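Asker: Okay, handing you the structure first.
Number of protein chains: 2
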Amino acid sequence: MSLDDPRINAIRTDGDPPGCGPLRSARPSSSLPLRQRIYEKVRSAGRISRAALAKDLEVSPGSVTPVVSDLLATELLCELEDVGQTGARGRPPVTLAVRADRALVAGLKVSDHEYSALLVDLAGQPVARATLPRAAESRSVPRLLDDVAELYARLLATAGDGPPVLGAGLGMPGMLDHASGRMRWSPIMAERDVDLAVCVSERLGIETSVDNDANLLTMAELWFGKGRALSDFAVVTIEYGVGLGLVVDHAPYRGAHGHGMELGHTKVQLDGALCRCGQRGCLEAYVADFALVREAAVALNGEIPPRGEVLEALFAQAKDGNAAARAIFDRAGRYLALGLANVANLFDPNRIILSGSRMRYDFLYAEEMLAEVPGLTLNDPPPIEVNAWDDFVWARGAAALALSDLTPRLLA
Amino acid sequence: MSLDDPRINAIRTDGDPPGCGPLRSARPSSSLPLRQRIYEKVRSAGRISRAALAKDLEVSPGSVTPVVSDLLATELLCELEDVGQTGARGRPPVTLAVRADRALVAGLKVSDHEYSALLVDLAGQPVARATLPRAAESRSVPRLLDDVAELYARLLATAGDGPPVLGAGLGMPGMLDHASGRMRWSPIMAERDVDLAVCVSERLGIETSVDNDANLLTMAELWFGKGRALSDFAVVTIEYGVGLGLVVDHAPYRGAHGHGMELGHTKVQLDGALCRCGQRGCLEAYVADFALVREAAVALNGEIPPRGEVLEALFAQAKDGNAAARAIFDRAGRYLALGLANVANLFDPNRIILSGSRMRYDFLYAEEMLAEVPGLTLNDPPPIEVNAWDDFVWARGAAALALSDLTPRLLA
DNA sequence: AGACATTAATTCGTGTCCGAAACAAATATT
DNA sequence: AATATTTGTTTCGGACACGAATTAATGTCT
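Residue numbers (the numbering used here), protein chains in the order written: chain A, 1225 to 1636; chain B, 1225 to 1636.
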């Protein structure tokens, strides 16, 4: 099989490591069956030999061979014969890779204005994408199911014939519990306490996991992004509100109740600015869109641009030297720095990743904002970096969620 | 062997469950060898039959018998024959318990004014205690080692002859990394970056683990306190500063770098009150002793009591109707509530335990302070409770640390 | 060219761990 | 006394993985 063979995962050309998924398994050695550890290691590494597998997993070579043979026989792995280029002495290793074409999983993301979807193979490579505009009045669960089914149908149509789709992940804003599959509440839905995973699984006819959007982003960073090599990190995102995802010991941490972490509603000021949640002093009330927009009228001398363009106009003014506009962003930036510092102080992560769509952090003058953080943390703060993705990150994270839930079933 | 036999752990008379240690093991099933899981389960339960062991650990009864037989043979467990009181049909179960008298571990605590130490048996029951006043000038590592050795000698003298001491735990304020055994920095020491665990192990002649004081308290709650049955909780303490300990999935979480969490230096106000750390707006700068004391002069009309009695005098005045004194405590309480709310928002724990010595939370009018928290969290806050211990909690936590580190060695 | 070193992968014997089920023991109920 | 019920033990077998010896495929050295 050649490297161009579509069955194996494509070679990345950028500096990122190949493969997908966390670089080290979450559990300590010997918790999971060797079969799963080997498969996940191959997927994570992208391409790896048996000998390297044995060394990395700290098992004897004699234990690797039969497991790999079985995985080859069931066509979950394949051998790449023409890798050549040894240069070293000794018998050249046989490179292994996952059979990416054995199955696909779908990642689905519901947001307030648009649905997006991605189909990825078992190596995590996208093979198809689709979007669907969201009708504003679509706030009921039956309607949601219709929309998701439509989105999924479009996705399958785009992909054409191919491997079977064996799992899906679905994400949306709100309080969603991945473990139970329940949606407790969502800002874009009227109902509460819905068994969303069950409903969607039945409607789509495939096993579906659900999670909230901040956790999707965290999964995207853990599986495909800058968090793959880190044991403990935090993901902060600014979209509708301020979201937070945590990774503890290479695994996503969802708290005791399974809902998300609420960085956006941590209090940064007693009796501070009013927040959408009805409380005062929330970080969101200083950093989120609505917080900036509500002050924009002053800076723009009452010339309110059409809805949806306020931030852009304000940003242009700030760059143009408008002191009031600049002051708005400055304060938001300082408060965001404070929020990040608090995350660093409370969690002591390896790194904080500001993730999401690009512009948000431009608005906040990321460089200047980040420069404030060291003055607000007791120890040296962890490296903080901005990771800008395209609009399909969320779907990518949902696909990672589906993939991580599918893997045990696939290997069983 | 009767229940009065000193070899088994004493029966608790209060409502707490018997035994010590987390009620569920941190790791998923089958990660640790069954031998260790059984021993820890017996210790955790206090008294338990083989059949119950099999059911609780989800292993077959046939797997339990040989392991227990071996543990009986090596005198790590014992059978209690006269428990009787079956009342039920069928063969009465044979109750097992750990042989508490097989060995002891020491818990040592260094603070700014006093050293305290506790000797506990393998069931976690204290068998001896000792204290040693600390000389103010004692800020060097050699002197610390001398003092700790003296403390340990006193402890052994108090205990008299008995089982061997097989391990010790040592805690002090500052940034201590349990995993590496290093003290990066401590407010009560002049040196930095000391391999403390190695030094103390050599000096005392027994295997010693180190950790910071907030984590000791967390261990105490996890092993002996209200956290035993919880999977995820936070421990907040107010002593010299404001400390935080976290338990994630039944195991203490120490962050990526092994130092403690810095709740006391999370920022609750931009450009707020000046903190000892040199930054502004830290929670500590509103809640810790020094924050209250520096405002006391105003409330006490310049009549400054002798050092060390300021808080008591201020508290008395506040209770007596002094509005200024009351305002000082009120503000501190509100900020503490804010800090607790932030912990709840960021961590989503099962519970938050305010732990430490009793008076601190009286100062802060715990009831009224706690009533503020729900107004500051997005979701319903977790139950928050005050757990008041005596002055030996820290040593107790250090002993728990030693015990948890000793167990694998003991069973090997 | 051929012996040798080196690295990769397989085979095979062994041991550990644990589950399933049959069996033995000790009690209460009928 | 017979039976039901629950606890604990024994035995067999299977799954899993280690480790040593073996086979395989290359580069290096003389």
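All C-beta atoms, glycine included, are put in the ideal place defined by N, C-alpha and C.
Only a predicted model underlies this, so the values are computations on that prediction, with no experimental measurement involved.
#1: If we count the other Cβ atoms within 10 Å of its Cβ and call it buried at 16 or more, is P1632 (chain A) buried or exposed?
#2: Would you kindly work out how many angstroms separate the C-alpha atoms of P1246 (chain B) and A1561 (chain B), rounded to a whole number?
#3: Going along the chain, which unbroken runs of the beta strand (DSSP E) with 3 or more residues stay wholly within the stretch 1570-1607 of chain A?
#4: Looking at the C-beta of T1442 (chain B), does it have a partner C-beta in chain A at a distance below 9 Å?
#5: I want to verify the contact list: residues of chain A whose CB lies under 7 Å from the CB of T1490 (chain B), in sequence order.
#6: Buried or exposed: which applies to V1471 (chain A), given that a residue is buried once 16 or more other Cβ atoms fall within 10 Å of its Cβ?
#7: Given a threshold of 16 other Cβ atoms within 10 Å of its Cβ, counted over all protein chains shown, does F1571 (chain A) qualify as buried or as exposed?
#8: If we ignore side chains and look at the alpha-carbon of each, how far apart do L1454 (chain B) and N1611 (chain A) end up?
#9: Over what stretch of residues does the beta strand (DSSP E) that includes A1312 (chain A) continue unbroken?
#10: Starting from the beta carbon of Q1493 (chain B), find every residue of chain A whose beta carbon is closer than 8 Å, and list them in chain order.
#11: Would you call the CB atoms of C1302 (chain A) and A1321 (chain A) closer than 9 Å?
#12: Can you list, in chain order, the residues of its chain with a C-beta nearer than 7 Å to that of A1354 (chain A)? Leave out the 5 residues immediately preceding and following it.
#13: Between the beta-carbon of A1330 (chain B) and the beta-carbon of A1624 (chain B), is there less than 9 Å?
#14: Straight-line CA distance for P1598 (chain B) to G1429 (chain A)?
#15: Reducing DSSP to helix, strand and coil, say where T1237 (chain B) ends up.
#16: Apart from the five residues just before and just after A1297 (chain A), which ones in its own chain have a Cβ nearer than 6 Å to its Cβ?
#17: State the Cα-Cα distance for the pair L1304 (chain A) and P1317 (chain A), rounded to the nearest angstrom.
#18: Please list the partners that P1573 (chain A) has in chain B, where partner means a Cβ-to-Cβ separation under 8 Å.
#19: Under DSSP, the beta strand (DSSP E) around G1491 (chain B) begins and ends at which residues?
#20: Using a C-beta to C-beta distance shorter than 7 Å, which residues of chain B count as neighbours of R1500 (chain A)?
#21: Against chain A, with Cβ distances strictly below 9 Å, would R1367 (chain B) count as a contact?
#22: Okay, do the stretch 1398-1410 of chain B and the stretch 1427-1442 of chain B touch, 3+ Cβ pairs below 8 Å being the bar?
#23: Looking at the C-beta of L1602 (chain B), does it have a partner C-beta in chain A at a distance below 9 Å?
#24: When the cut-off is 9 Å and only beta carbons count, does R1558 (chain B) lie next to chain A?
#25: DSSP on L1441 (chain B), reduced to helix/strand/coil?
#26: Taking the alpha-carbon of V1466 (chain A) as reference, which of A:T1490, A:L1446, A:R1504 has the nearest alpha-carbon?
#27: Using a cut-off of 9 Å between C-beta atoms, extract the partners of Q1260 (chain A) located in chain B.
#28: In whole angstroms, what separates the C-alpha of L1635 (chain A) from that of G1384 (chain A)?
#29: Cβ atoms of N1569 (chain B) and L1524 (chain B): under 9 Å apart, would you say?
#30: So, at 8 Å on beta carbons, what are the nonlocal neighbours of H1481 (chain B) in its own chain, with the 5 sequence-adjacent residues on each side left out?
#31: Closest by CA to P1190 (chain A), which one among A:V1344, A:Y1339, A:C1506, A:R1313?
#32: Drop a sphere of 10 angstroms on the beta-carbon of V1418 (chain B), count the other beta-carbons inside from all chains shown, and report buried for 16 or more, exposed for fewer.
#33: So the beta strand (DSSP E) I1412 (chain A) belongs to, where does it begin and stop?
#34: Taking all protein chains shown into account, decide if T1289 (chain A) is buried (16 or more other Cβ within 10 angstroms of its Cβ) or exposed.
#35: Taking C-alpha atoms, which residue in B:Y1589, B:L1258, B:L1295 lies nearest to L1281 (chain B)?
#36: At what residues does the beta strand (DSSP E) containing R1353 (chain B) begin and finish?
Answerer: Reading off the structure:
#1: Around the beta carbon of P1632 (chain A), a 10 Å sphere encloses fewer than 16 other beta carbons of the protein chains shown; the residue is thus reported as exposed.
#2: 28 Å
#3: Entirely contained in the stretch 1570-1607 of chain A, the beta strand (DSSP E) runs reaching 3 residues are, in chain order, 1575-1581.
#4: no
#5: N1566, N1569, L1570
#6: Per the 10 Å Cβ criterion, buried.
#7: buried
#8: It is roughly 35 Å from the alpha-carbon of L1454 (chain B) to the alpha-carbon of N1611 (chain A).
#9: Premise fails: A1312 (chain A) is in no beta strand (DSSP E) and is neither H nor E.
#10: Here the neighbours are V1492, Q1493, L1494.
#11: yes
#12: A1341, L1375, R1378, L1379, T1382
#13: Cβ distance not < 9 Å, so A1330 (chain B) and A1624 (chain B) don't count as in contact.
#14: 41 Å
#15: Confidence at T1237 (chain B) is low in this model, with a pLDDT of 36, below 50, so the placement of that residue is unreliable and no value is reported for it.
#16: none
#17: 10 Å
#18: G1479, A1480
#19: Contrary to the premise, residue 1491 (chain B) reads as Lys rather than Gly in this sequence. Run containing K1491 (chain B): none; DSSP gives neither H nor E here.
#20: Those within 7 Å of R1500 (chain A) in chain B number zero; the least Cβ separation is about 11 Å.
#21: Chain A contact via Cβ: absent.
#22: In this structure the stretch 1398-1410 of chain B touches the stretch 1427-1442 of chain B; the number of beta carbon pairs closer than 8 Å is three or more.
#23: yes
#24: yes
#25: helix
#26: A:T1490
#27: Ordered by position in chain B, no residue passes the 9 Å Cβ test against Q1260 (chain A), which lies about 13 Å from the chain.
#28: Straight through space, the alpha carbons of G1384 (chain A) and L1635 (chain A) are spaced by roughly 26 Å.
#29: no
#30: Closer than 8 Å at Cβ, skipping near neighbours: D1401.
#31: The shown model of chain A, from 1225 to 1636, leaves out residue 1190 (chain A), and the question about it has no answer.
#32: buried
#33: Taken as a continuous stretch (DSSP letters only), I1412 (chain A) belongs to no beta strand (DSSP E), as it is neither H nor E.
#34: exposed
#35: From the listed residues B:Y1589, B:L1258, B:L1295, the smallest Cα separation to L1281 (chain B) is found for B:L1258.
#36: For R1353 (chain B), the enclosing beta strand (DSSP E) has its first and last residue at 1350-1357.
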